[in-house]
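Colleague:
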Amino acid sequence: MKRKLSAEDVIKDIEFELAQGVPPKDNLGESIEAVRQFQNKLRAELDISNTGSPSRQSIGRLLQLNDMLVTLLQETAVAITQLQLTQQLQIRHAHASTRALLDQIDTDAIRISEHIAKIDEVTKSKSLFVAIDPQRSAIPIIGRWISKLRQALHGLPLYYVRILASKQTVVNQAFSEEYGYTLNEITELRQRVNDLELRITHPESTD
Amino acid sequence: MNTDSPRFSIIINTINRAQPLQTLLCALEKQSYPDFEVVIVVGPTKDNTMELLDNYGDRVKVLRCPSANLGVSRNIGLLASSGDIVAYIDDDAVPSHRWLEQLAGIFEDPWIGATGGIVYLIHPNHPRLQHSLGLFSSLAEQVDVRSSWLEHLVPPGIATQWVTRMMGTNMAYRRADLIDIGGFDEFYEWVYDETDVAMRFTIAGKILHPVKQAPVYHVPASSHNRQVFTYNLKWWLQTRASVYSAVKNGTASGESRSTIIRRCMNLIHGHLLLSNQFLHDNKISSLQAWQMRINEVTSGLHGMVKGFSFPRKLIPQNGGQAGDDTSMKASFHQYQNGYSAFMPSVDPINGRQANVRLSEPPLRICLLSRDFPPSDKGGVGRQTHMLAKALFESGQTVHVITKGDRERLTFRDGAYVHEIPTRLEYYEQYKHLPGMYYLLNHSHNVYEKVKDLILNDGIQIIDSSNYQFEGLVTSLSGILPVVIRLVTAMRQIAPLNGDDSDDKRLQGEMERVFIERANHLLPNTHATLRTLQGIYGVHPREDQYSIATYGIEPVPDEKTRPYDLQRSEKNLKVLFLGRLEKRKGIIDLFHAIPSVVKHAPNTRFVIAGADNSHNDGFLERTGMDYRSYFERTFPEYKSMVDFVGEVPDGEPQEQLYQSCDLFVAPSLYESFGLIYIEAMNYAKPVIGCNTGGVPEVVEHGVTGLLVDPQSPKALAEAIATVLCSPVLLRDMGMAGRQRLLTHFTAAHMANNFTRIYRNIITRNSGADHQ
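Sequences listed follow chains A and B, in order.
Just so you know, we're using my numbering here: the first sequence kicks off at -3 and counts up by one.
Just so you know, we're using my numbering here: the second sequence kicks off at 9 and counts up by one.
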């Protein structure tokens, strides 16, 4: 016969739910500022107000991509800030169950990986590729020369786009390095929080 | 850069809003973070704002702004401030208790230059989460973000640059950084000033980092620019500001001129369409529509010309001369003084404070009640409502967490009422027990809210009834002390309602666990404690419980209606007020009526209350509701009984009490018996049953008579005895009123609960209740 559920079963389930909070971490301010400053410097250096240029669309998208990346970093920072606030509380309420306090972190906001994949997809998409596709001239005899001239003229903006692309690579590398660094920091802080929790809840085991 | 305990300057810009400003100043007395000054910039005001501020002497810095221009006013405040951080809040808002403490925590990160929190609109008629997070584009596009910026990782607008933004009523900047970018652009006389700053702050490479904590509670007031909660506002000022913003920030972000102009045209066109829509929906008059259209076009063009052809009007980076009062800047006057901590809590809607002098700082208490008036009128909800009201009147700050269809916050009857929807996200394994599944999830949702309230409002203690174990998850978490007001146990009610399901059994078990693990028990009578000991086998030590009786606000003497021995009217009226269900003894009363009428033929009965026959199993068993049952069983007495249905609180109930001669409530069990006190309030004698906590409320033979439960004969005799004696009708009524005034007033209740809460807080976390 199936055993009836008891209050102790329910308490175990509640305690399991209370233990689900996962703390992430730390200070992203410096990296965000670095990326933003580089981004703004780039905006100032490159003339993107010329709407007729085939490179403008590409530049605009690249800058937008950077904004997205910075937003992503900032989203992580929100979760981290909440952690910092929680930690302060944790210390103030050291007598209480610290594990429960850690739940303050909005874990939904840290589903980073799927968004990284999204950014990856945008980065790799063909939307950033600008093809040279000048309109062919239909004029007899000299049309071939006109087409070649058009091709040469379209090659000029491509030259600048390549320069931009190389600078963008630097941005992407910086982002990726900073992000990797951040993830490491998160792991370290998580460990520190766990240690802290252990010290508060079982002081005798750490003495 | 000073990152250790930064000093704040709270800047308030105000015009013609003396009353809300006073409310805000009262609320600031209660901030948990003391290192702040208050800078108030007063525009061309016509009310008594200056007289009000005179009362504060040099506790606040007061400056004048010659024009009704928010940008200018904000800059004047900025230049006169001397804190490391400037925090802006509107004059019609109040901050959460730990607002500055939370912001200071964020500024501990030296790279963060600005932050801000969320904003709740708490007006009782218009409650909503006004602002959580936000995105703003260089072309003046705005996106509200409810939970995460990742919701709009690719913002839906046409601009290439997007930044995060805060709302003007809850934003804080490092003073040096804000001055570094030139402060606020003084072109913005209203709206878009804060978003423009956010854009320039970000473009300058500084970090602006809003959070979903540190709330400000907003109670929008009318101004020279808008009539609040109507469509009567100067929309064209928004058009002008948004067009100007698109031009200035679009240009700075490298948008092409044609894109900017197209966007400006869209903004003007959009507002023109808005005027048509308002007119069509009869929200504005035809005259207002034409005024709006003309102003939209001229203001839009004005914004474009100013944007394209004139430089921004910012303060110089060195701090500037105009309006820079160096003597003020040099001095920092901490706002709070020795009395601040002892100020009673303030009603953020109307600024009222309890008329009491406190010898200790007020407490911050959180009451849990899934049911709460006005949407629910169950016993626990009503008790919680009364308690909240009484605690506010004794100076305490009260938060109530209750259920709602969506998340919102209002301030009602002395309490911040946090409505939370029950999200069924946990405990899937209990889906086969729907009651348990729902109650466990609700309890977990409550716990989530409690954590927010600890962080933002510094609540110190949780008070929950045992009914439906709302505070169970919070109690198990150990996050705060949880006290339990003991009311009728689920295990008592379930058999009375004929429910012996596994679901109810487990709910009863959880109630037992909840009671066992509480920090302290608050039975309302000795009988309640004895009953729970019998039912659950819980035997608390003397220091683990305190008897905490309820109380109500006594009506003025002129509203009481003691029986008049000289009256000529011979007809007598007996009142029953309560849910029509078995537990309330309604069947016993029905069976007593014939006998009463035999002794006192000129008696009429008034039965008031909602029929609960569909919930207590009566309908299922008999196929009838209670009224039908009475009318079929006792057809000859039908004309002597009035079934008036559910009667709203307030005046309608008051009239019922005043018009009756005797109050009867033959409940089979009452843990306390609030209904008797309510009748005693109007000097009415009462008849009840000798059960539960009733004998501790009704003094047998003095304020009324008590009979054994489920004894219609004895009940009839008791009713007839009192009805047939005018002296008893008068004397018992008067004695009841006196007993109420001596033992059961709201003030008695509040003082008793506050004393108990304070002891528990001290015992559990001595140093933590400041």
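Glycine included, every Cβ here is placed at the ideal spot set by N, Cα and C.
Values in this document were obtained by computation on a predicted structure and should not be read as measured data.
I want to see whether chain A comes within less than 8 Å of Val779 of chain B, judged by CB atoms only; does it?
Modeller: Only positions 9 to 778 of chain B appear in this structure, which leaves residue 779 of chain B out of reach.
Colleague: Would you report the Cα separation of Glu649 of chain B and Phe400 of chain B, rounded to the nearest angstrom?
Modeller: The residue labelled residue 649 of chain B in the question sits at position 641 within the second sequence. The residue labelled residue 400 of chain B in the question sits at position 392 within the second sequence. A quick correction: the sequence has Val, not Glu, at residue 649 of chain B. Whole-angstrom Cα-Cα distance: 40 Å.
Colleague: Is Ile373 of chain B helix, strand or coil when you go by DSSP?
Modeller: Within the second sequence, the letter at position 365 stands for residue 373 of chain B. DSSP places Ile373 of chain B in strand when its eight states are reduced to three.
Colleague: Using a Cβ-Cβ distance cut-off of 8 Å, determine whether Leu514 of chain B contacts chain A.
Modeller: Translated into positions along the second sequence, residue 514 of chain B becomes position 506. Interface residue, yes.
Colleague: Could you tell me whether the Cβ of His452 of chain B comes closer than 8 Å to any Cβ of chain A?
Modeller: Walking along the second sequence from the start, residue 452 of chain B turns up at place 444. Chain A, which has a Cβ nearer than 8 Å to the Cβ of His452 of chain B, makes this yes.
Colleague: Check the Cβ of Thr172 of chain B against every Cβ in chain A and list those closer than 9 Å, keeping chain order.
Modeller: Sequence index remark: in the second sequence, residue 172 of chain B carries index 164 (1-based). Those within 9 Å of Thr172 of chain B in chain A are Thr67 and Gln70.
Colleague: Return the CA-CA distance between Val512 of chain B and Met498 of chain B, expressed in angstroms with no decimal places.
Modeller: Here residue 512 of chain B is taken as the residue at index 504 of the second sequence, counted from 1. Here residue 498 of chain B is taken as the residue at index 490 of the second sequence, counted from 1. The amino acid at residue 512 of chain B is misidentified as Val; the sequence shows Lys. One C-alpha to the other measures close to 8 Å.
Colleague: So, helix, strand or coil for Asp289 of chain B, using DSSP?
Modeller: Taking the first residue of the second sequence as 1, we reach residue 289 of chain B at position 281. Correct three-state label for Asp289 of chain B: coil.
Colleague: Let's test the definition: count the other Cβ atoms within 10 Å of the Cβ of Thr630 of chain B and tell me whether it reaches 16, buried, or not, exposed.
Modeller: Residue numbering aside, residue 630 of chain B sits at position 622 when the second sequence is read from its first letter. The residue in question, Thr630 of chain B, is exposed, as its Cβ has fewer than 16 Cβ neighbours within 10 Å.
Colleague: From B:Leu514, B:Phe584 and B:Thr753, pick the residue whose C-alpha is nearest to that of Arg(-1) of chain A; which is it?
Modeller: By one-based count along the first sequence, residue -1 of chain A stands at place 3. Checking every option, the nearest Cα to that of Arg(-1) of chain A belongs to B:Leu514.
Colleague: Between Glu13 of chain A and chain B, is the shortest Cβ-Cβ distance under 8 Å, so that the two count as touching?
Modeller: Against the first sequence, residue 13 of chain A aligns to sequence position 17. Yes - at least one Cβ of chain B is within 8 Å of the one on Glu13 of chain A.
Colleague: Report the option in B:Ala556, B:Tyr196 and B:Val605 whose CA atom is closest to the CA atom of Lys721 of chain B.
Modeller: Taking the first residue of the second sequence as 1, we reach residue 721 of chain B at position 713. Comparing Cα positions, the closest option is B:Val605.
Colleague: Which runs of the alpha helix (DSSP H) fall wholly inside the region 236 to 306 of chain B and span at least 4 residues, in chain order?
Modeller: Segments of the alpha helix (DSSP H) lying fully in the region 236 to 306 of chain B: 243 to 260 and 265 to 288.
Colleague: Are the C-beta of His105 of chain B and some C-beta of chain A separated by less than 8 Å?
Modeller: In the second sequence, residue 105 of chain B corresponds to position 97, counting from 1. Taking Cβ atoms only, chain A never reaches closer than 8 Å to His105 of chain B, which makes this a no.
Colleague: I'd like to know if Glu517 of chain B contacts chain A, where contact means its C-beta is closer than 8 Å to some C-beta of that chain.
Modeller: Locating residue 517 of chain B in the second sequence gives position 509, counting from the first residue. Interface residue, yes.
Colleague: Do Gly308 of chain B and Leu275 of chain B have their C-beta atoms closer together than 8 Å?
Modeller: What you label residue 308 of chain B is simply residue 300 of the second sequence in a count that begins at 1. What you label residue 275 of chain B is simply residue 267 of the second sequence in a count that begins at 1. It is a contact, given that the beta carbons lie within the stated cut-off.
Colleague: Measure from the C-beta of Ser90 of chain B to each C-beta in chain A and report whether the shortest distance is under 8 Å.
Modeller: Within the second sequence, residue 90 of chain B is the residue found at index 82, counting from 1. Taking Cβ atoms only, chain A never reaches closer than 8 Å to Ser90 of chain B, which makes this a no.
Colleague: Among B:Pro52, B:Asp55, B:Ile48 and B:Arg72, which one has its Cα closest to the Cα of Tyr64 of chain B?
Modeller: By 1-based counting over the second sequence, the position of residue 64 of chain B is 56. Ranking B:Pro52, B:Asp55, B:Ile48 and B:Arg72 by Cα distance to Tyr64 of chain B puts B:Ile48 first.
Colleague: Check Ser472 of chain B in the structure and name its three-state DSSP category.
Modeller: Numbered from its first residue, the second sequence carries residue 472 of chain B at position 464. Strand.
Colleague: Since Thr123 of chain B contacts His217 of chain B with CB under 8 Å, what's their CB separation in whole angstroms?
Modeller: Numbered from its first residue, the second sequence carries residue 123 of chain B at position 115. Numbered from its first residue, the second sequence carries residue 217 of chain B at position 209. Going by Cβ atoms, the distance from Thr123 of chain B to His217 of chain B rounds to 5 Å, so yes, they are a contact pair.
Colleague: Which partner residues of Val94 of chain B appear in the DSSP bridge assignment?
Modeller: The sequence position of residue 94 of chain B within the second sequence is 86, counting from 1. BP columns for Val94 of chain B point to B:Ser17 and B:Tyr181.
Colleague: Starting from the Cα of Gly311 of chain B, find the closest Cα among B:Arg635, B:Val255, B:His279 and B:Pro324 and give me that residue.
Modeller: Within the second sequence, residue 311 of chain B is the residue found at index 303, counting from 1. Selected option, being the one with the closest Cα: B:Val255.
Colleague: Would you mind sorting Ile101 of chain A into buried or exposed? The rule is 16 or more other CB atoms within 10 Å of its CB.
Modeller: By one-based count along the first sequence, residue 101 of chain A stands at place 105. Note that Ile101 of chain A scores a pLDDT of 39, beneath 50, so its modelled location is shaky; the value from the coordinates is reported in the next line. Buried, by the Cβ-count rule.
Colleague: Would a check of beta-carbon distances place Gln437 of chain B closer than 8 Å to chain A?
Modeller: By one-based count along the second sequence, residue 437 of chain B stands at place 429. So, interface residue.
Colleague: Which chain A residues are close to Asp510 of chain B, counting only those with a beta carbon under 9 Å from its beta carbon?
Modeller: As a first step, residue 510 of chain B must be located in the second sequence, where it is residue number 502. Per Cβ cutoff of 9 Å: Lys0 and Leu1.
Colleague: What did DSSP end up calling Gly466 of chain B once you bin it into helix, strand or coil?
Modeller: The sequence position of residue 466 of chain B within the second sequence is 458, counting from 1. Coil, per DSSP.
Colleague: Would you identify the three-state DSSP class for Ser367 of chain B, choosing helix, strand or coil?
Modeller: Stepping through the second sequence from its first residue, residue 367 of chain B is reached at position 359. Coil, per DSSP.
Colleague: So the beta strand (DSSP E) Gln138 of chain B belongs to, where does it begin and stop?
Modeller: The residue you call residue 138 of chain B lines up with position 130 of the second sequence. Segment Arg136 to His139, the beta strand (DSSP E) holding Gln138 of chain B.
Colleague: Per DSSP, Thr418 of chain B is paired with what?
Modeller: Position 410 of the second sequence, counted from the first residue, corresponds to residue 418 of chain B. For Thr418 of chain B, DSSP records a beta bridge to B:Val425.
Colleague: What residues in its chain sit with their C-beta under 7 Å from that of Pro352 of chain B, if we drop five residues either side in the sequence?
Modeller: What you label residue 352 of chain B is simply residue 344 of the second sequence in a count that begins at 1. The residues are Gln361, Ala362, Val364, Leu366, Pro370 and Gly403.
Colleague: Please go through the same chain and pick out, in chain order, the residues whose beta-carbon is closer than 6 Å to the beta-carbon of Pro548 of chain B, but skip the five residues on each side of it.
Modeller: Taking the first residue of the second sequence as 1, we reach residue 548 of chain B at position 540. Counting only Cβ-Cβ distances below 6 Å, and skipping sequence neighbours, we find Leu529.
Colleague: Please state the DSSP three-state secondary structure of Ser145 of chain B.
Modeller: Counting from one through the second sequence, the residue named residue 145 of chain B turns up at place 137. In the structure shown, Ser145 of chain B sits in a strand (DSSP, three-state: E or B).
Colleague: Under 8 Å, with one C-beta from each stretch per pair, do the region 231 to 241 of chain B and the region 102 to 121 of chain B reach the 3-pair mark?
Modeller: no
Colleague: Return the CA-CA distance between Cys73 of chain B and Met207 of chain B, expressed in angstroms with no decimal places.
Modeller: Along the second sequence, one-based indexing puts residue 73 of chain B at 65. Along the second sequence, one-based indexing puts residue 207 of chain B at 199. Near 25 Å, if we compare the C-alpha coordinates of Met207 of chain B and Cys73 of chain B.
Colleague: Can you give me the C-alpha to C-alpha distance between Gln666 of chain B and Tyr690 of chain B, rounded to a whole angstrom?
Modeller: Here residue 666 of chain B refers to the residue found at position 658 of the second sequence. Here residue 690 of chain B refers to the residue found at position 682 of the second sequence. Roughly 6 Å separates the two Cα atoms.
Colleague: Does Lys122 of chain A come out as helix, strand or coil in the three-state DSSP assignment?
Modeller: In the first sequence, counting from the first residue as 1, residue 122 of chain A sits at position 126. Note that Lys122 of chain A scores 44 on pLDDT, short of 50, meaning its location in the model is unreliable and no value can be drawn from it.
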